[in-house]
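First the structure, in the form of structure tokens, and then the observations on it.
There are 2 protein chains.
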Amino acid sequence: MKIGKYEADEYLKMAKEFHGYDMPGLIVGGFMVDLALKNLPEGEVFDFLCETSQCLPDAVQLLTPCTMGNGWLKVAYTSRYAIIIYNKYTGEGRRVYIDPAKLDKWKEIKVWYLKEKDKKEQDTKKIFEQLLEAGSDYMSVMKVKVKDAYLAKGKKIPKPVAACPSCNEYYLKKLGDKCPACSGDAPYELIK
Amino acid sequence: MKIGKYEADEYLKMAKEFHGYDMPGLIVGGFMVDLALKNLPEGEVFDFLCETSQCLPDAVQLLTPCTMGNGWLKVAYTSRYAIIIYNKYTGEGRRVYIDPAKLDKWKEIKVWYLKEKDKKEQDTKKIFEQLLEAGSDYMSVMKVKVKDAYLAKGKKIPKPVAACPSCNEYYLKKLGDKCPACSGDAPYELIK
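Take a look at the structure:
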């Protein structure tokens, strides 16, 4: 069983190292990315979008050239376990998601995914075994067009940087007269 | 010159491989993370927050255990080049940022960061040399307390999952009667 270009156990080792610990979501994510790549029209320049930040972004970052820092991977939170591979200029692509209609067959995966039992009552070994056996069997693919906000803008025009008159730090001028933090969106407060 | 536990050239090689291409931002990010870790009280359980998704998340993911997929790294966009290391339970931490008052000394870095010249007129070699020479010289550290939204909630209580009555897919029930996508926040539209 392969995940992307890796043998499953090779991928799992790599994923555990990057992610810090084993997680069923890393296996799900691995097979999701694998299925997404297989549904990609040849020669396509693609980006990825994850609908949750739970595990899936790490699978994308490990199996594709797309990372959070290079901008080819984005998260648009809907809390559903799904990823979208899409042409970064047109937005056309494929969405890979967990298909409830196909999940009944996989009891252990369902126990984990729907939290049908408390974590300590879950049989982790069985869950992992079933995830590896199932591959992408419980997933489906739909054709989608990603919204404009997630597309690359073609030729990159450098965005002017300005010193914020309030904090003095540099920010993207197009965002307003002050930086977003000084306009009320700071993720922190100063302390002594 | 070291970046985290790596020699600078070792880090740069690793960063280029993960990120896909060389970027000044990866060096800036490397030294930011390095400075943040040095300002961490010993034994602290920390998370990271980046104020831009440009390059900095990749530096954090390469140099620390924090990744997008394991939830220990978050992005709160202000467009400023800054990262915050913080106690994931109390929110207290340190913010590392590019200090405009210290940047004048480093002409090439300023040319790059403030986009004072067109990209093709920039001397990339000089910029990289100066970034490696400067280390974290043009950065400052402030004490901050990160807002509650970015904190870990202590003992993890499993969040109930439900089937969305509209799309049938599973989502976090606490988010409403329908999943966020069916409530109007889908990042895509269906196509044929």
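Protein chains in written order, with this note's numbering: chain A, 1 to 192; chain B, 1001 to 1192. Even glycine gets a Cβ: it sits at the ideal position worked out from N, Cα and C.
Under the three-state DSSP convention, the category residue i falls into
i: E1092 (chain B); result: strand
i: S183 (chain A); result: helix
i: L73 (chain A); result: strand
i: E42 (chain A); result: coil
i: E7 (chain A); result: strand
i: M68 (chain A); result: coil
i: M1032 (chain B); result: helix
i: M1001 (chain B); result: coil
i: A162 (chain A); result: strand
i: L172 (chain A); result: strand
i: D1058 (chain B); result: helix
i: K16 (chain A); result: helix
i: E1116 (chain B); result: coil
i: A1152 (chain B); result: coil
i: K1107 (chain B); result: helix
i: Q130 (chain A); result: helix
i: T124 (chain A); result: helix
i: K178 (chain A); result: coil
Cβ separation of residue i and residue j, assumed to be a contact under 8 Å, to the nearest whole Å
i: G1029 (chain B); j: C1055 (chain B); result: 5 Å
i: V1075 (chain B); j: I1083 (chain B); result: Contact flag wrong, Cβ pair sits at about 10 Å.
i: T52 (chain A); j: Y81 (chain A); result: 6 Å
i: E169 (chain A); j: C179 (chain A); result: 7 Å
i: L131 (chain A); j: I109 (chain A); result: 6 Å
i: Y89 (chain A); j: A8 (chain A); result: About 33 Å separates the two Cβ atoms, so there is no contact after all.
i: P57 (chain A); j: M1068 (chain B); result: 4 Å
i: L26 (chain A); j: H19 (chain A); result: 6 Å
i: L49 (chain A); j: V141 (chain A); result: In fact, because the Cβ distance is near 14 Å, the residues do not count as touching under 8 Å.
i: S166 (chain A); j: Y1171 (chain B); result: Actually they are not in contact, since the Cβ atoms of S166 (chain A) and Y1171 (chain B) sit about 39 Å apart, beyond 8 Å.
i: K112 (chain A); j: A134 (chain A); result: A quick correction: the sequence has Trp, not Lys, at residue 112 (chain A). Contact doesn't hold; Cβ gap of about 12 Å is too wide.
i: K1115 (chain B); j: V161 (chain A); result: 6 Å
One or two residues paired with residue i in a DSSP bridge
i: Y86 (chain A); result: A:D47, A:G93
i: E189 (chain A); result: B:K1145
i: I1027 (chain B); result: Per DSSP, none; premise fails for I1027 (chain B).
i: S140 (chain A); result: A:Y97
7 Å Cβ cutoff, residue i in contact with chain B
i: I191 (chain A); result: yes
i: T78 (chain A); result: yes
i: D58 (chain A); result: yes
i: T67 (chain A); result: yes
i: E17 (chain A); result: no
i: V144 (chain A); result: yes
i: S53 (chain A); result: yes
i: L175 (chain A); result: yes
i: K13 (chain A); result: no
i: Y6 (chain A); result: no
i: Y89 (chain A); result: no
i: Y97 (chain A); result: yes
Residue i at chain A interface by Cβ criterion, 7 Å
i: S1193 (chain B); result: One cannot answer for residue 1193 (chain B) here, as it falls past the ends of chain B, which runs 1001 to 1192.
i: A1181 (chain B); result: yes
i: P1187 (chain B); result: yes
i: Y1171 (chain B); result: yes
i: P1100 (chain B); result: yes
i: P1158 (chain B); result: yes
i: N1039 (chain B); result: no
i: G1020 (chain B); result: yes
i: K1147 (chain B); result: yes
i: L1049 (chain B); result: yes
Outcome for residue i when other beta-carbon atoms lying within 10 angstroms are tallied against a minimum of 16
i: M32 (chain A); result: buried
i: S136 (chain A); result: buried
i: A101 (chain A); result: exposed
i: A149 (chain A); result: exposed
i: Y1086 (chain B); result: buried
i: M23 (chain A); result: buried
i: M139 (chain A); result: buried
i: D47 (chain A); result: buried
i: I127 (chain A); result: buried
i: D118 (chain A); result: exposed
i: D177 (chain A); result: exposed
i: I1003 (chain B); result: buried
i: D1034 (chain B); result: buried
Closer than 8 Å at the beta carbon, the chain E residues around residue i
i: V161 (chain A); result: Looking for chain E here will not work: the only protein chains present are A and B.
The ligand SAH heavy atom lying under 6 Å from the CB of residue i
i: P165 (chain A); result: Within the structure as shown, the ligand SAH is missing, as the structure has no ligands at all.
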